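One line per chain: the protein sequences are A and B, in this order. Numbering (our numbering) for the first sequence: 26 to 249. Numbering (our numbering) for the second sequence: 266 to 880. Yeah, the Cβ is synthetic: ideal placement off N, Cα and C, and Gly gets one too. Since this is a predicted model, take the numbers as computed values, not measurements.
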Amino acid sequence: MSKQDMSDPAAQRQQIETEIPRPWVLARLDDLVNWARRNSLWPMPFGTACCAIEMMAAAASKYDIARYGMERMGYTPRQADVMIVAGRVSYKMAPVMRRIWDQMPQPKWCISMGACASTGGVFDTYTLAQGIDTVVPVDVYVPGCPPRPEGLLYGLLMIQEKIKGESIVDPRAREEAPEAAGKAHLAPKEVELIAAPFGNSTFQNRVSGLESSSPIVRPGDRKD
Amino acid sequence: MVSSKNLESRTAAVAEGRALERHDVVELRSRFGRAVRRLETDALGEPIVHVDPEHNTDVLGYLRDAQGFDMLKDVTGLDLGGDQPVQVVYQLWSTSESKPLRVKAEVPPDRPKLKSAFGIWRAANWLEREVYDMFGVRFEGHPDPRRILMPENYEEGYPLRKGFPLRGRFTRAEQTRRALARDLEDIYSLAELEVARSGGRGQELASRLGQVPGVSVSVAGADVPDLETSNMILNIGPQHPATHGVLRLVVELDGETIVKCTPHIGYLHTGFEKLGEYRTWNQNIPLTDRIDYLAPMLYNIGYALAVERLLGIDITPRCKVIRVICSELNRILSHLIWVGTTAIDIGAFTPFLYTFQERERIYNLHEAYCGARMTTSVTRIGGMMADVPPGWLDGVAEFVETFPKTLAETERLLTQNSIWIGRTQGVGVMGGADAINSGLCGPNLRASGVAYDVRKDNPYLDYETYDFDVPIGENGDTYDRYLVRMEEMRQSLRILEQALDRVPDGPINVSDPRVILPPKSEVMNSIDGMIAHFKLVMEGLKVPAGEVWSSIESSKGELGIYLVADGGPKPVRCRYRAPSFMNMSNLPALIEGSLIADLIAVNASIDIVLGEIDR
Ligand code: SF4
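This is the structure in structure tokens:
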């Protein structure tokens with residue numbers, strides 16, 4: 026993927042959509058597949074620190090993640106769809122996380138929960154990876170230190186939202202990439218850019234492939 | 266006018282005089298002569314004995330055997346920068362006389378070397394490894410002198426040395442590249458690789474028997490008289506649901522029996538201690554609750570108390586009681602998550618739902634007080650972030666009233682449950698004397714029958730005026746550790762009741778403008794108030810030069826905080842002696858010789874939190 030493409034995911038998506046003719050049948054098939062995929066997301070809880078406790082709270086009785094059909098925590102990466110990275114990831118842990126990501130079969134998504142996973146948080150130290158997106162691609166960032174359980178649930182709903190827009194013939198998103206296994210997600214230059222003070226908050230949108238950082242508005246959402 | 270040199274030597278002499286008042290120090294000096302280089306006192310007036318690095322183990326051994334210092338609480342390093350020697354600090358405690366002693370040995374910064382105290386206290390095992398990892402001090406005679414928190418092939422240096430930059434020596438890109446380039450063999454010790462390789466003998470045997478190589482050998486022992494067996498290496502973690510975070514255990518198995526268990530930690534190493542040296546005294550508070558996120562307020566309080574002791578200020582009576590309430594609420598909070606997750610590990614899911622329900626109620630109290638559910642940052646040096654909001658104490662009272670019901674329900678699910686009993690009784694046993702020597706602490710130590718609780722033995726926040734019991738176990742097994750924690754929650758409720766009855770009126774913060782921001786009315790209306798405000802905000806609080814080792818009873822055990830100040834706005838050293846770290850180092854001793862299934866139960870029972878172990 027060239028740098029140009031990465032910096033403008035909107036154009037890229039546009040390009041794919043125009044390139045692939047989507048007859049009515051294919052479009053309906055997409056809808057069906059996406060419906061099935063987004064309503065049975067199996068999380069792979071990759072909890073490391075404080076944020077993991079809030080992830081547990083999201084699974085416990087008050088917040089009850091089961092309401093969204095996502096309570097089946099797959100502790101094995103081979104049977105999971107969404108990796109939730111909750112907490113600080115050190116350089117010692119980074120290869121482990123990459124391996125777990127590599128072991129998950131496509132289609133797969135990744136949520137970065139909390140400030141530490143997203144940017145290194147307040148810990149700009151010698152040991153912490155400054156954002157897990159240097160190592161694995163991230164689909165949704167949930168802000169907070171820690172995010173409340175509602176925040177995590179909202180992040181999962183955003184993943185659902187993202188799935189809605191996907192197409193089964195989109196080669197970009199859902200291809201296995203064995204040659205990338207064990208490698209960093211970003212080129213060294215981009216890692217430097219991101220790890221500079223405040224770097225990650227500025228460059229995150231581009232890395233995640235999201236078009237903007239404003240929340241995705243769902244039909245039922247309150248507008249104020 | 267006195268020259269500063271003169272002044273220095275005079276203060277040193279005064280300090281020495283004070284330290285010499287204690288008879289054990291006098292005895293030590295007369296016995297070891299020149300091996301005791303000099304004496305000092307810390308901010309609390311406790312003696313510090315500097316010993317000759319050549320004789321460190323002689324002195325330490327004598328202290329344990331002849332003077333009853335049976336507990337080694339901490340071994341850590343202190344680097345003051347430049348060519349100044351690196352100090353290795355031993356914090357000792359005598360359980361019979363309830364008194365501390367700090368021993369220091371100074372080693373040259375370029376080739377630091379000392380004799381290991383492992384032969385005297387087994388607690389020194391991991392502590393010395395950490396000193397090596399962070400300061401590069403080598404300990405001769407240590408049984409396992411490897412790095413502990415950083416990866417074993419870490420090349421950037423020793424992080425807590427003053428010359429080491431906060432962000433490491435390499436660029437972020439290089440750090441990322443190295444992290445991902447690490448291959449599998451780097452993460453096993455040589456001994457483990459050796460065992461794993463010897464497993465290759467099966468292949469050899471298979472070809473000798475004329476079987477197809479690659480097919481597993483399944484030969485009954487009777488047909489093959491010289492059938493060799495070899496141990497197996499099993500890796501658990503760092504991503505495993507039963508390791509309570511990112512712990513990694515490598516176990517060597519003979520069949521189902523654990524021959525050797527090696528915990529590998531550091532997967533969550535965050536650099537709190539290094540970062541602490543770059544933050545002002547008050548800025549460190551938000552970091553502390555991210556160390557033990559299961560009982561955040563306990564860390565807030567422990568840290569604030571340590572700095573207050575260093576400053577020599579006395580907090581207000583109201584603040585003391587509010588802090589006691591926060592402490593005990595958090596003890597319950599932490600024990601609840603322990604019961605819930607341990608029960609899941611052993612196979613019972615329901616207690617998790619019950620206990621999390623109660624945790625949510627404590628979280629609501631947290632939120633009402635400070636706005637955050639978990640990362641509370643509730644203390645300030647000299648007081649709290651604010652007084653409690655109206656009605657908050659009633660909320661606590663309601664919790665105290667209703668919580669026993671859930672506690673009883675949870676107990677009904679577990680205490681007499683035959684599966685629970687079968688999985689926990691007689692599993693992971695450690696006796697009292699062993700437990701003291703090897704640094705077990707908190708509820709685990711008490712389950713082994715040692716009634717050591719900082720709240721009783723070295724009281725803080727007026728704990729001596731509260732009426733509560735310290736529950737102890739008889740057998741030191743997993744079941745006792747469970748019982749002790751359940752009873753501790755009840756005792757916490759008792760303390761809470763008493764505290765709620767006595768919350769005094771009055772200010773929550775000390776009225777010392779050097780420490781606490783003056784009220785806004787003063788800042789706006791008087792020049793003094795404005796100056797005080799400006800100075801505190803711009804320069805930060807100044808703490809006089811000195812050091813202190815202060816400890817509180819956290820939910821996991823004794824939380825020691827060792828602070829060194831040089832008069833500036835930031836600590837020179839900010840050491841957290843984490844109770845889980847000490848408990849975790851005892852896992853091999855608790856588990857070796859038992860079955861693999863017990864590993865999960867025992868590991869759960871010692872109540873670890875990786876944030877605190879790895880810091
Ligand atoms: S974002 Fe905050 S709560 Fe989450 S892991 Fe980091 S420090 Fe802990």
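Contacts around Gly881/B, its chain only, beta-carbon distance under 6 Å, and the 5 residues preceding and following it disregarded: As displayed, chain B neither begins before 266 nor continues past 880, which places residue 881/B out of reach and without an answer.
Going residue by residue through the segment 708 to 758 of chain B, where are the continuous alpha helix (DSSP H) segments of at least 4 residues, counting only ones entirely within it? Residue ranges of uninterrupted alpha helix (DSSP H) with 4 or more members, entirely inside the segment 708 to 758 of chain B and ordered along the chain, are 708 to 712 and 719 to 722.
Completely contained alpha helix (DSSP H) runs for the segment 532 to 577 of chain B, where each covers 4 or more residues: Counting whole runs of 4 or more residues, the segment 532 to 577 of chain B contains the alpha helix (DSSP H) stretches 537 to 541, 550 to 553 and 561 to 576.
What residues are listed by DSSP as bridge partners for Ser815/B? Per DSSP, the beta-bridge partners of Ser815/B are Ile826/B.
Quick one: which chain B residues come within Cβ less than 8 Å of Glu79/A? In chain order, Arg638 and Met639 make up the part of chain B whose C-beta sits under 8 Å from the C-beta of Glu79/A.
Which residue or residues does DSSP assign as beta-bridge partners of Gln356/B? DSSP lists Asp339/B and Arg367/B as partners of Gln356/B.
Delimiting residues of the beta strand (DSSP E) encompassing Met69/A: That run of the beta strand (DSSP E) goes Pro68 to Gly72.
Would you tell me roughly how many angstroms separate the C-alpha atoms of Pro174/A and Asp770/B, rounded to the nearest one? For Pro174/A and Asp770/B, the distance between alpha carbons rounds to 36 Å.
Using the beta-carbon count (16 or more within 10 Å), is Asp409/B buried or exposed? Under this definition Asp409/B is an exposed residue.
I'd like to know whether the C-beta of Leu431/B is nearer than 8 Å to at least one C-beta of chain A. With 8 Å as the cut-off, Leu431/B counts as an interface residue toward chain A.
Out of curiosity, what's the CA-to-CA distance linking Leu366/B and Asp579/B? Cα to Cα, the separation comes out at about 23 Å.
Heavy atom of the ligand SF4 within 7 Å of Gly146/A beta-carbon: Answer for Gly146/A: yes, Cβ within range of the ligand SF4.
By the three-class DSSP mapping on this structure, what secondary structure does Asp770/B have? In the three-state reduction of the DSSP assignment, Asp770/B falls in the coil class.
With a Cβ-Cβ cutoff of 8 Å, do Arg62/A and Ile188/A count as a contact? Yes. Within cutoff.
How about Phe400/B and Asp344/B: are their beta carbons less than 8 Å apart? Against a cut-off of 8 Å, the Cβ pair of Asp344/B and Phe400/B comes out as a contact.
For the ligand SF4, I want to know if Pro171/A counts as a neighbour, meaning its beta carbon is within less than 7 Å of at least one of the ligand's heavy atoms. Indeed, a heavy atom of the ligand SF4 lies less than 7 Å from the Cβ.
In chain B, which residues lie with their C-beta within 9 Å of the C-beta of Ala154/A? Going along chain B in sequence order, the residues near Ala154/A (Cβ under 9 Å) are Arg437, Gln440, Thr441 and Ala444.
Quick check on Val232/A: does DSSP put it in helix, strand or coil? For Val232/A, the predicted model reports a pLDDT of 44, less than 50, meaning its position is unreliable; a value from the coordinates is still stated below. Collapsing the DSSP output to three states places Val232/A in a helix.
Can you tell me whether DSSP reads Val482/B as helix, strand or coil? Unreliable positioning characterises Val482/B in this predicted model, as indicated by a pLDDT of 45, which lies under 50. The coordinate reading is nonetheless provided below. The DSSP-derived three-state label of Val482/B is coil.
Report back the beta-carbon spacing between Asn547/B and Arg645/B to the nearest angstrom; my notes put them in contact at under 8 Å. Taking C-beta atoms under 8 Å as the contact rule, Asn547/B and Arg645/B qualify, at a distance of about 6 Å.
Consider the C-beta atom of Thr152/A and the heavy atoms of the ligand SF4; say whether any pair is separated by less than 7 Å. Thr152/A: no, Cβ never under 7 Å from the ligand SF4.
To be precise: take each residue of the segment 124 to 136 of chain A, compare its Cβ to all Cβ atoms of chain B, and keep it if any distance is under 8 Å. Which residues remain? So the close ones are Ile125.
CB-CB length for Gln352/B against Lys369/B, believed under 8 Å: Cβ-Cβ separation between Gln352/B and Lys369/B: approximately 5 Å, consistent with a contact (criterion under 8 Å).
Beta-carbon within less than 6 Å of Ile602/B's beta-carbon, same chain only, minus the 5 sequence neighbours each way: which residues are those? When the five nearest sequence neighbours on each side are left out, the beta carbons in the same chain lying within less than 6 Å of the beta carbon of Ile602/B are those of Leu559, in order along the chain.
Does the beta-carbon of Gln104/A have 16 or more other beta-carbons within 10 angstroms, so that it is buried, or is it exposed? Label assigned to Gln104/A: exposed.
Reducing DSSP to helix, strand and coil, say where Leu782/B ends up. Coil, per DSSP.
When the cut-off is 8 Å and only beta carbons count, does Val107/A lie next to chain D? Absence of chain D from the displayed structure is noted, the protein chains being A and B.
Determine which residues share a DSSP beta bridge with Ile523/B and list them. Answer is Leu518/B, bridged to Ile523/B.
Run down chain B in chain order and give the residues with a C-beta less than 7 Å from the C-beta of Glu217/A. Thr436, Arg437 and Ala438, listed in chain order.
Alpha-carbon to alpha-carbon, Glu787/B and Pro778/B: Looking at the two C-alpha atoms, the distance is approximately 11 Å.
I'd like the list of long-range same chain contacts for Leu679/B, defined as Cβ closer than 6 Å, with 5 residues on each side in sequence excluded. Contacts found: Trp685.
Between the segment 150 to 183 of chain A and chain B, which residues of the former have CB atoms less than 8 Å from a CB of the latter, in chain order? For the segment 150 to 183 of chain A, which is checked against every Cβ of chain B, the residues closer than 8 Å are Thr150, Tyr151, Thr152, Leu153, Ala154, Gln155, Thr159, Val160, Cys170, Pro171 and Arg173.
Take Ala604/B and list the residues in its own chain whose beta-carbon comes closer than 8 Å to its own, dropping the five residues that flank it on each side. One detail in the question is off: residue 604/B reads as Val in this sequence, not Ala. In chain order, Pro616, Thr620, Thr675, Leu679, Tyr747, Arg750 and Met751 place their CB closer than 8 Å to the CB of Val604/B, counting only its own chain and leaving out the 5 sequence neighbours on each side.
Please name the residues in the segment 91 to 107 of chain A whose beta-carbon is closer than 9 Å to at least one beta-carbon of chain B, in chain order. Result list: Met98, Tyr100 and Pro102.
Run down chain B in chain order and give the residues with a C-beta less than 8 Å from the C-beta of Asp207/A. Here residue 207/A is Gly; the residue named in the question, Asp, does not match the sequence. Within 8 Å Cβ-Cβ: Leu445.
Would you say Gly139/A touches the ligand SF4, meaning its beta carbon is less than 7 Å from a heavy atom? For the ligand SF4, at least one heavy atom lies less than 7 Å from the Cβ of Gly139/A.
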